[in-house]
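Mapping to the working numbering: the first sequence position 59 is 59, numbers consecutive. All C-beta atoms in this analysis are idealised placements derived from N, C-alpha and C, irrespective of residue type, glycine included. Contents: one structure, followed by commentary.
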Amino acid sequence: MIDIKLIRDDADDVKRRLADRKVEPEPIDEVLKLDETWRAKKTEGEVQQAALNKANKAFGPWMGGRKKNPDMPAPQQLVELLGETPADPETAKEKLRLLGEEKDKVEAEADAIMNQIDGILLNLPNLPHPQTPVGKSEDDNVIRKEWGTKREFDFEPKAHWDLVGDKGLELEIGGRISGSGFPFLRGKLAKLERALINFFLELHTSEHGYTECWTPFMVRGETLRNSSQLPKFYDDLYRADERDDLYLIPTAEVPLTSVHAGEILDAEQVPVRYCAFTPCFRREAGAAGKDTRGILRVHQFSKVELMVVTAPDRSDEEHETLTRCAETVLERLEIPHRRLELCTADLGFGAARCYDLEAWAPGVGNWLEVSSCSTFGDFQARRAKIRVRGEDKKPQLAHTLNGSGLAVPRTMIALLENNQQADGTINIPKALQPHYGAETL
RNA sequence: GGAGGGGUGGCAGAGUGGUUGAUUGCGUCGGUUUCGAAAACCGAUUUGCUCGAAAGGGUAACGGGGGUUCGAAUCCCCCCCCCUCCGCCA
């Protein structure tokens, strides 16, 4: 969530920054107006509560005193609140009850307004990082770097679906079992999938300092709200039926972001760096028919995710470090790739700044997004209530970051298509050989 | 799925419906003492919201949500989590 204090302090600035993301200004004005009413109601209720608290505090001793001395006068605090001296405790009670009801009404009004505010804020995307390039569409994304050179082929490189028909890519079987978008791998490709997952995890845990996690694959709505998939992206999620009210995770970001939800971390504990392999489940609603050939876009895929919780002043450098960790995977696999910095128009809902890593796939003749490395500022931390103690010992909202390290199917596509030989075999890159157990596939 | 037990401040662990944000111990931080340290003693030590320039004030929170009451950590209801036992099953 956006900090409501930013809206109070400088609503125009918030509107400007959201406008770069093509968000209309109306909700901000609405929040501003509601917030003003909320604070008035809130204060009104608290003043009433304070008076009631004072009176109630004196009530007990008065009752006690009257047991010994039935003529004991009502306490001053009670008289003050009621504006008169009550004849006896029973009349006082009745009057206090009515005052309490008035207070409850005011509080209920305040709560209703706060719910409205939350409803708006939960559906507003994050403010872009000052460094994020302003743009109108994905065409304005900026290529920050390219690594490797595209291989020259002395034959026509095949797309992966033509390349590995005999190596275990069984899309029809997946379709029969679950439907399209649920790939079934058999034999060599199944083993390649496992080798990639293992290679990713080994690299990040033993060389990059991430702590390996194993997470649930189904989570509560609350968990999805923490990392900002809900309420906005309900349609993109698979949900178990109403008996369980659980959702299949679209990424390991979801469970990992909630690991420290509600906690205040000590300065020495951060940065926290987690990685996890999970399958990811996405409905891909609205993306039907777009780049869906082969395993380009599927409903279930494997991914190793990197996730970082850090103090706010360190998040920019952590973002670079995290992105480097993801890039290293591609470098080790010798896959030509580039780093794209997303412009304001193309930024994900919760991201403040984001690099996409794209691997070159000569068979399909396209750059494929294999990783998305985002920094969220305090956007997720505010929802998940993740805080860090600063140098002054005061708790402050943490910053969260995450990135794929990497998504398996598209990495596999790039690997297969880049390393194909004229005879139809595929060379396994050196770094992966220990995990795959052979030099060719 | 069934039967019990439990969820209180960083941790441990009290708590009779009425000066309880909460006894106490440990831990942590500061001070006294010391050549220095330990011990001892003294003091401090939750978080959010809100008002305020600040000092400070108000309010909320004892797993979560409702309810009873003038007043709830304390009583009632629902839900969640953890532990033990039984059943079932990888």
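C-beta atoms of residue i and residue j nearer than 8 Å
i: I249; j: F301; result: no
i: N419; j: I426; result: yes
i: L357; j: S374; result: no
i: R387; j: L401; result: no
i: R353; j: Q116; result: no
i: W147; j: P336; result: yes
i: A87; j: W38; result: no
i: L196; j: V364; result: no
i: E417; j: P157; result: yes
i: P231; j: N123; result: yes
i: P128; j: T323; result: no
i: L81; j: A55; result: yes
i: T278; j: T215; result: yes
i: P429; j: L368; result: no
i: E305; j: G405; result: yes
i: E327; j: R339; result: yes
i: M218; j: L237; result: no
i: A261; j: K394; result: no
i: I113; j: K41; result: yes
Member of the options whose CA lies at the smallest distance from the CA of residue i
i: K167; options: R283, E193, V388; result: E193
i: A228; options: L121, E284, R144; result: Checking the sequence, you will find Ser at residue 228 rather than Ala. It is L121 whose Cα lies nearest to the Cα of S228.
i: G175; options: V259, V408, I295; result: I295
i: K145; options: V408, R16, D9, A359; result: A359
i: I4; options: V364, M72, D118; result: D118
i: E284; options: R297, R97, T278, K150; result: R297
i: D266; options: L224, E318, S404, V309; result: V309
i: K57; options: N69, Q48, L78, R66; result: L78
i: T257; options: F182, R383, R21; result: R383
i: E102; options: G45, F153, A55; result: G45
i: G209; options: Y274, A108, F59; result: Y274
i: E202; options: V329, I177, N126; result: V329
i: M1; options: A92, A311, H399, Y234; result: H399
i: D235; options: R243, K41, G221, D244; result: G221
i: E263; options: H204, K22, L406, R389; result: R389
i: D20; options: I173, S137, D10, P312; result: S137
i: P125; options: I28, V272, A261; result: I28
i: N198; options: L441, E439, T440, Q433; result: Q433
i: E317; options: P271, L189, D291; result: P271
i: L18; options: G348, H160, A381, N366; result: G348
Cβ-based burial, residue i [other Cβ within 10 Å; buried from 16]
i: G187; result: exposed
i: T321; result: buried
i: P255; result: buried
i: Q421; result: exposed
i: V142; result: exposed
i: D346; result: buried
i: V47; result: exposed
i: K303; result: buried
i: V73; result: This sequence places Pro at residue 73; Val is not what is there. P73 should be labelled exposed.
i: K105; result: exposed
i: F379; result: buried
i: A92; result: buried
i: I177; result: exposed
i: E341; result: buried
For residue i: DSSP bridge partner residues
i: Y274; result: T211, M307
i: T375; result: R353, L401
i: N126; result: Paired residue(s): none; N126 is not in a bridge.
i: H337; result: W147, A359
i: V142; result: E341
i: Q300; result: F281
i: I120; result: Looking at the DSSP assignment, I120 forms no beta bridge with any residue, so it has no partner.
i: A407; result: K303
Per-residue DSSP class, three states only, for residue i
i: I113; result: helix
i: Q458; result: The requested residue 458 does not occur in the structure, where the chain is confined to residues 1 to 441.
i: C280; result: strand
i: F217; result: coil
i: F155; result: coil
i: N427; result: strand
i: V254; result: helix
i: L432; result: helix
i: Q420; result: strand
i: K366; result: First, the residue type needs correcting, since residue 366 is Asn and not Lys in the sequence shown. Strand at N366.
i: L265; result: strand
i: L388; result: With the sequence shown as reference, residue 388 is identified as Val, and Leu is not the correct amino acid for it. Correct three-state label for V388: strand.
i: L415; result: helix
i: L246; result: coil
i: T440; result: strand
i: R293; result: coil
i: R239; result: strand
i: L78; result: helix
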